[in-house]
Structure formats: structure tokens, C-alpha cells
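Student: Right, I'll just put the structure down here and ask away after.
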Amino acid sequence: MRFQLRRIVNRVMNGLAAASAFLVVLPLLLILAFLVYQGASSVNLDFFTHLPKPVGEPGGGMANAIVGTLTLIGLAALVGLPLGILGGVYLVESRDPRLPWAVRFLADVLNGVPSIVVGIFAYTLVVLPMRRFSAVAGGVALACIMLPIVLRTTEEMVRLVPNSLREAALALGIPEWKVVLRVVLPTARAGILTGVMVSIARIAGETAPLLFTAFGNRFWHQRLDQPIAALPLQIFAYAIAPYDDWHRQAWAGAVVLIALIFLTSLAARLATRGRVRGAR
Amino acid sequence: MSTAIMPNHGEEAGQAATGISATRPGRPAHWGDQLFRLLLRAAGLSLVVLVIAICAVLVWKALPAMRTFGWRFLVTSVWDPVAEHYGALPLIYGTLLSSLLALCLAVPLGIGAAIYLAELAPMWIRSPIAFLVELLAAVPSVIYGLWGVFVLAPILRMYVQPALSRTFGFLPLFQGPPYGVGMLAAGIILAIMIVPFIIAVSREVLLAVPNTQREAALALGATRWETTRIAVLRYGRSGLVGAILLGLGRALGETMAVTMVIGNRPEISASLFAPGYTMASMLANEFTEATSNLYLSALIEVGLLLFAVTVCVNALARLLVWSVGGAVAGGRE
Chain A
1 MRFQLRRIVN
11 RVMNGLAAAS
21 AFLVVLPLLL
31 ILAFLVYQGA
41 SSVNLDFFTH
51 LPKPVGEPGG
61 GMANAIVGTL
71 TLIGLAALVG
81 LPLGILGGVY
91 LVESRDPRLP
101 WAVRFLADVL
111 NGVPSIVVGI
121 FAYTLVVLPM
131 RRFSAVAGGV
141 ALACIMLPIV
151 LRTTEEMVRL
161 VPNSLREAAL
171 ALGIPEWKVV
181 LRVVLPTARA
191 GILTGVMVSI
201 ARIAGETAPL
211 LFTAFGNRFW
221 HQRLDQPIAA
231 LPLQIFAYAI
241 APYDDWHRQA
251 WAGAVVLIAL
261 IFLTSLAARL
271 ATRGRVRGAR
Chain B
1001 MSTAIMPNHG
1011 EEAGQAATGI
1021 SATRPGRPAH
1031 WGDQLFRLLL
1041 RAAGLSLVVL
1051 VIAICAVLVW
1061 KALPAMRTFG
1071 WRFLVTSVWD
1081 PVAEHYGALP
1091 LIYGTLLSSL
1101 LALCLAVPLG
1111 IGAAIYLAEL
1121 APMWIRSPIA
1131 FLVELLAAVP
1141 SVIYGLWGVF
1151 VLAPILRMYV
1161 QPALSRTFGF
1171 LPLFQGPPYG
1181 VGMLAAGIIL
1191 AIMIVPFIIA
1201 VSREVLLAVP
1211 NTQREAALAL
1221 GATRWETTRI
1231 AVLRYGRSGL
1241 VGAILLGLGR
1251 ALGETMAVTM
1261 VIGNRPEISA
1271 SLFAPGYTMA
1281 SMLANEFTEA
1291 TSNLYLSALI
1301 EVGLLLFAVT
1311 VCVNALARLL
1321 VWSVGGAVAG
1331 GRE
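Line order of the protein sequences matches chains A and B. Last residue of the first sequence: 280 in my numbering, with the numbers rising by one and none dropped. Last residue of the second sequence: 1333 in my numbering, with the numbers rising by one and none dropped.
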């Protein structure tokens, strides 16, 4: 009798766990289905080659926003990647016990800081002195978000490089810096690349920190010290506007953005497939 | 692979063994090495400097508002840019309520899904589901917002909210006109957004529980569920709390999706149907419109508050997750 009860409880709880797993995946499928349904009809060649049209005129595209997003990612990577990768190497190769702990901890904490707060930081640091919104400010904000992600994944990957490899190189009389640059980093390359891709996928969709740094722009940007358009910003602006045609454009933008992000994530996954295990 | 199985607190000892800078007596460091080490150290320090700088800049810019309003800023609920009077209580209330609502929905689902993925599911289905959950985490906030505005809010307005007020209408939580957008929509969107984080971290925690725990319980005749409850969940308890706190940290600072569905009105209302406002969405909406210095300073003080709260929540969460295992920090595949 008691055993029967325990078996029933077992069944019920296991069933609930399975149900919640499927329930969690459901929104993703719903969102993707809706994106494709709404957006596919609006994505056409014009979307990639034309500027946004004024209100009332149908058609137009988000060419400037696509280029803007890529520009912002490039600017962020310029600062975020070298610092992140070197910092990650530092966490593994340093012999100081305390500072790496603090760096690791602060990286995780910074990773959890709301992106809009990072936006405020970039605003006071770059926008206020320059007295205008600019692509550079947006790049700085995104770099701050990118840095902890790259740093932590690089650390994990560099840690996987076997010590015998380092010892072999050192035994040949090669100085440490060359060992790191020519032996350790190339060995961990695939893993580091994954971290880079993941961080790019993350910042590509960031909107909040760009609101008052990159600001958005309905035209092509001429220089990097001017406001610049970005895909997520444009989607936001169009989604909250009251025009049906703009809503369609927002869905189209969302499809393009999510395709960009999923492809990057997929590339990140493929880059490490099989290799990480091989490196161990 | 000493690092992989080594618990976190033993890391100091392990570091000397892993890094190439283990001391090599009797040989002066190459000048290139010294330069290189300096460079690495600078890169590591840059992150520390960055966090300190963010903190310092926020405090510095929020000072005028802090001096003007003092602690009243936290407990008054008037937000009037014309009269230059600012109180953040409705924002704090909105942030806490929407995050709490999200946790109520996301925690049972997230932990349940993590248990399924780590303990119960057949092997072939684990990695596809884990992959889908990863994708769910990669969807940008603004797209969740778009979906929330055009799909979720109409569904809530037409079906869910009327049904809720018919059945539970005697509770103040479910009273008032069904707008669709409002606290309920924000809570649901937030729940969808934080669930992948809760699953990812708690799955790692569960996987870090040693198999001997499970075997011991199974050997005593426990069922699958009893094993999970007694031997696995209890063992990983603090890590799971950490996972939930990480989710909370995300929910508190989430901006775009919430801004698009919460209704953006700085009022305190007991009803989940009513529009509200959060700290993050206030910043998103009003920051570029701040005309006076005091207005800007008040907004930055809101940002500082958000920063302080999320840093505390995240720091606590990290420490808890690390405590279950260094196992988790070092032992992931």
C-alpha cells in the first residue's frame, strides 16, 4: 500500500519534471514560428539595400541599421577582444593567488550588471564630454558587456591546454611570452573563438545600452563620432510606433537579427565540436 | 588535468602547477617575459578598474540628487519632472513585483526542467533540449518585447485576464480592466527570459552532485523521485538557490522587453492587471529626455540603485554556486 503510494508520487513528479522541460521550450517555438510567419513576408532585397522610408511611404529597408550593427560590433571587438583574451590568459598564467580571484569574481559580477547601467556609464564617460551621441560611445558600452564574457571563456579554454605542452616548449629555451603566443593560444584557438562568437551573439542584440549612446539614425552615418543606427534600436523604435507598415518592418528586422545571432551561436558551437575534447 | 577535478578552494595551489610562471630558480626573467607579464596583468586589472569606474561614475553623477532628496528618494512616490520632485518608490515596487512574479513562474519550471535534463531524460533527448534552451537564452530582449506587444498582450487581454478575473476576481490581485499590457505581461515575459539561465546553472549544479549520492539512495530502495529529492536536491541546495538568485539578478535589470509590455506608469497598484514601471524601463524611456541636471542626476541615482541591488544579488549567487562545487567552476566538461 505504502509502496504503491510512493510509486505514484514517483510517476507524478517525474511526469511534472518532463512536462516543465517541454513547457519551457514551447515559448521558443512559439516565438520562432511567429517571427517567421510575420517577418518572412517583409524580408526582401530592399530590406537589405534601402534606407528607411518616411512615415506613410511603404517599402524601404534597414540597410543603414545592418551596417550600423556590424560597425558597432567591430568597434566593441577592437577594445573588448584583446583585453578579454589577454585577461583570460592572465587568470591562468599568473602566480599571484589573490588578484586573479578578484578578477574572476568581478567578471562574473559585471556579467550580471544590467546592460542599461553600462549604457549610463558610457553616456557619462563618452557622450557628455563629446557633447553628442556617437558610434564610439555605443562601441564602448558594448565592449564593457563583451569583456567579461570573452575573459571567462578564454580562461576556461586556456586552462585546458596540457601543461606538458608548455613544459616541452620551455625546455627548448623559448621565452614564456613566445610560449603563450605561439603554443598556448594556438592550441586553445578553437575554444577562444567560441567565446568570441558567443560574446558577439550577445552584444548583437543588445538594445538598452545603445539607447543613449549610439542613439540611432535614420540615415547613413558619415563618421564614427555621429549617432549611428543599429538593428535592435530600429526594431524597438518601429515596434512602439503606431504604424502598421513599421510593425511589419520591425518583424522583418527581428527575423534578420535573430538569424544573425543564431548563425553566430551555431558557428560558435561548430568551432569547438570535438576539438575541446581533443585538446584535453 | 589536475585543474578539472580540483575543487575551487584548492585553486591557489593548482595555479602554480598550471601556469608556466611556476618559479624557475637560478634564471633571471627574460625582458620580454617581464613586459609580457606586465601586459597580462594590465589586461586583468582593466576589468577591476572598469567595475570600480562604473561604480564611481554612478555615485559621482548621482550625488546632486542624493544631496537634494536624501533617503526620501527611496520612500516617496511622486515622479514629477516639472516640479523637479523625484521619488523612486513606484519604480522599486514595480521592479520587485515584476521580478517576484517572474520567479514564481520560472523557478518551478526551471528547476523541474533542470531535474529532467540532468536526472531523468533519456540520453538522446538531453542535448537537443539543452540546445533549444541555449537558443532561448540567445534571443535578444527586444525581440521578446516585440512578441510580448503583438502576441502575448492581446492573448492576455482577450482570454487570460477575463478568465482570471472571473475565477479569482475576489482577490485584489486580479481586479481592474484587462489592458493586456501591465504587470502580469511583464512578469510572464521576464519568466520566459530568465528560465534558460535558471535551467543552465541548476543543471550544472545537479550534474556536479557526485554519483555516490544517487547510488546510496537507490541502494536503500528509494524511487527515482525520492533519490532526486533526498540525495540530489538536498546536496545541491545552495547551488540551486544561487541559480535562482542569478535569475533574479537578470529579471531585476531586464530592460527592453519589460519597457515594451509593462505599460510605463509610475503608480503603485495591487492589481497585476494595472500598468507599472520598473527602474530599468524608467531609464530606457526618460534618460534621453532629461532636460535639467537634477532630472538626469535623479535618473542616474535610479541606475545606481539598480547597479547596487544587482551586484549584491549576483555576488551572493556566485558565492553560493561556487560553494557547491568548485566542482561546478572547475569540473565542467
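Note that the Cβ used here is the ideal one computed from N, Cα and C, for glycine as well. A quick note: this is a predicted structure, and the numbers were derived from the prediction, not measured.
Among A:Tyr37, A:Leu266, A:Ala252, A:Leu260, which residue has its Cα nearest to the Cα of A:Val43?
Tutor: A:Ala252
Student: Counting only the same chain and skipping the five closest in sequence on each side, list residues whose C-beta sits under 6 Å from that of A:Leu210.
Tutor: Gly138, Ala230, Leu233
Student: Quick check: what's the CA-CA separation for B:Asp1033 versus A:Ala188?
Tutor: 20 Å
Student: Please check if any C-beta of chain A sits within less than 9 Å of the C-beta of B:Thr1291.
Tutor: no
Student: Do B:Val1107 and B:Ala1257 count as a contact pair if the criterion is CB distance below 9 Å?
Tutor: no
Student: Does the stretch 236-250 of chain A come into contact with the stretch 143-153 of chain A, if we say contact requires no fewer than three beta-carbon pairs (one atom in each stretch) closer than 8 Å?
Tutor: Put simply, the stretch 236-250 of chain A does not touch the stretch 143-153 of chain A. Fewer than three CB pairs are less than 8 Å apart.
Student: For A:Thr71, collect the residues of the same chain with a Cβ closer than 7 Å to its Cβ; drop the 5 residues on either side in sequence, then sort them by chain order.
Tutor: Ala135, Ile228
Student: Is B:Leu1109 near A:Leu23, with beta carbons less than 9 Å apart?
Tutor: Remark: C-beta atoms of B:Leu1109 and A:Leu23 approach each other more closely than 9 Å.
Student: If the cut-off is 8 Å on Cβ atoms, which residues from the stretch 1267-1298 of chain B count as contacting chain A, listed in chain order?
Tutor: Ala1280, Leu1283, Ala1284, Phe1287, Thr1288
Student: Thinking C-beta only, is A:Gly39 closer than 9 Å to A:Ala254?
Tutor: yes
Student: Is the shortest distance between the beta-carbon of A:Gln249 and the beta-carbons of chain B less than 9 Å?
Tutor: no
Student: Can you confirm whether B:Arg1214, when its beta carbon is compared against all beta carbons of chain A, has any partner nearer than 9 Å?
Tutor: no
Student: What do you reckon, is the C-beta of A:Leu81 under 8 Å from a heavy atom of the ligand FAD?
Tutor: You won't find the ligand FAD in this model; it holds no ligand whatsoever.
Student: Report the neighbours of A:Leu16 on chain B: residues whose CB is nearer than 7 Å to its CB, in chain order.
Tutor: Gly1112
Student: For A:Arg132, count neighbouring C-beta atoms within 10 Å of its own C-beta (all shown protein chains included) and say buried if the count is 16 or more, exposed if not.
Tutor: exposed
Student: For A:Phe121, report the span of its alpha helix (DSSP H) as first-last.
Tutor: 115-122
Student: List, in order along the chain, the chain B residues whose C-beta lies closer than 8 Å to that of A:Tyr90?
Tutor: Leu1040, Arg1041, Ala1043, Gly1044
Student: Can you tell me which of the three DSSP states B:Asp1080 falls into?
Tutor: strand
Student: Just verifying my parser: in three-state terms, what is the DSSP assignment at B:Tyr1235?
Tutor: coil
Student: When the distance is taken between beta carbons, is B:Leu1120 closer than 9 Å to B:Val1224?
Tutor: Contrary to the premise, residue 1224 of chain B reads as Arg rather than Val in this sequence. The answer is yes: Cβ separation under 9 Å.
Student: Mind listing which residues of the stretch 175-197 of chain A have their C-beta closer than 9 Å to chain B's C-betas, in chain order?
Tutor: For the stretch 175-197 of chain A, which is checked against every Cβ of chain B, the residues closer than 9 Å are Pro175, Glu176, Trp177, Lys178, Val179, Val180, Leu181, Val184.
Student: Would the beta-carbon of B:Gly1249 fall within 9 Å of that of B:Leu1206?
Tutor: In this structure, B:Leu1206 does not lie closer than 9 Å to B:Gly1249 by Cβ.
Student: Below 8 Å, how does it come out for the stretch 166-177 of chain A and the stretch 102-113 of chain A: are there three or more Cβ pairs, yes or no?
Tutor: no
Student: Pick helix, strand or coil for A:Pro162, following the three-state DSSP scheme.
Tutor: coil
Student: Consider the Cβ of B:Val1311: report whether some Cβ of chain A lies at a distance smaller than 9 Å.
Tutor: Chain A contact via Cβ: present.
Student: For A:Pro243 and chain B, any beta-carbon pair shorter than 9 Å?
Tutor: With the sequence shown as reference, residue 243 of chain A is identified as Tyr, and Pro is not the correct amino acid for it. Cβ-Cβ to chain B under 9 Å: no for A:Tyr243.
Student: According to DSSP, is A:Phe133 helix, strand or coil?
Tutor: coil
Student: So is B:Pro1064 in contact with chain A if we call contact Cβ pairs under 9 Å?
Tutor: no
Student: Please confirm whether B:Phe1354 and B:Leu1135 have their CB atoms less than 9 Å apart.
Tutor: An answer regarding residue 1354 of chain B cannot be provided, because it is not within the stretch 1001 to 1333 covered by chain B.
Student: Determine the extent of the alpha helix (DSSP H) in which A:Asp96 is found, giving its start and end residues.
Tutor: Note, A:Asp96: premise wrong, no alpha helix (DSSP H); not H, not E.
Student: Short of 8 Å in beta carbon distance, which residues of its chain neighbour A:Asn163, apart from the five on each side in sequence? Order them along the chain.
Tutor: none
Student: Per DSSP, which residues does A:Pro52 bridge with? Please list them.
Tutor: A:Gly60
Student: Among B:Phe1307, B:Cys1312, B:Ala1298, which one has its Cα closest to the Cα of B:Thr1068?
Tutor: B:Ala1298
Student: For A:Leu125 versus A:Glu206, is the C-beta spacing smaller than 9 Å?
Tutor: no
Student: Using a Cβ-Cβ distance under 9 Å, would B:Ser1141 count as near chain A?
Tutor: yes
Student: Quick one, which of B:Ser1271, B:Ala1222, B:Leu1296, B:Ile1244 has its alpha-carbon nearest A:Gln4's?
Tutor: B:Ala1222
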